[in-house]
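Following this note's numbering from start to finish, the sequence shown increments by one per residue and tops out at 205. Report on the structure given below.
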Amino acid sequence: MSNSIQENYAIPTQTESLRTDEENGKLGKNDFLEILMVQLQNQDPMNPMDDKEFVSQMAQFSSLEQMTNMSESIQDFANSQRKGSLVQHSQLIGQEVSWERTYKNDDGVEQTEEVVNTIASVKQDGDGNIRLLTDDERWINSEQLIQVGSVSSE
């Protein structure tokens, strides 16, 4: 007589694969609820889950959901700010601007000079930075701007 249990007589185990968030590979709120439900279904009837533990897990779930919603709201806000920045900078098209150009002279010393141009176009690069095209076909950063409007020579 054998003491081993054959596979076909073993108690079947519930194996559920957890769905993960494909973007970042982390568990989501649905996965948390599934785990909690499996815990409740498979708890020992002679030693059930403590009420305090259950309330604690539900509080964790509520906190997780609130953090997820807040994160999504912040991301939406950041995206709208980036789009708004491009729209605001588009008002510079056709405007005369003064901007600071940095270059190295023949001796390798870094120099700056003020340049006056008219803005021909505005774009947002892949990093979210605003780039301005001048009338002499140079792309400059918005951080290089010194003055917008009629530039008087001093």
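Ideal placement from N, C-alpha and C gives every residue a C-beta, glycine not left out. Since the model is a prediction, treat every value here as computed from it, not as a measurement.
- Three or more Cβ pairs drawn from the stretch 133-151 and the stretch 184-203 lie within less than 8 Å of each other, which places the two stretches in contact.
- Less than 8 Å separates the beta-carbon of S136 from that of I181.
- For L78, no alpha helix (DSSP H) encloses it, and the DSSP letter there is neither H nor E.
- The beta carbon of A171 sits closer than 6 Å to the beta carbons of L184 and D186 from its chain, once the five residues preceding and following it are set aside; these are given in chain order.
- Within the stretch 79-123, no complete beta strand (DSSP E) segment of 3 residues or longer occurs.
- When the beta-carbon positions are compared, F112 and L84 come within less than 8 Å of each other.
- Under the three-state reduction of DSSP output, I144 falls in the coil class, being neither helix nor strand.
- Closest option to D176, judged by alpha-carbon separation, among Q142, D158 and K134: K134.
- Rounded to the nearest angstrom, the gap between the Cα atoms of Q92 and L115 is 22 Å.
- In the DSSP assignment, S201 falls outside any beta strand (DSSP E) and carries neither an H nor an E.
- In the three-state DSSP reduction, E161 falls in the strand class (E or B).
- Each of L143, A110 and E161 was checked against the Cα of V173, and the nearest Cα belongs to L143.
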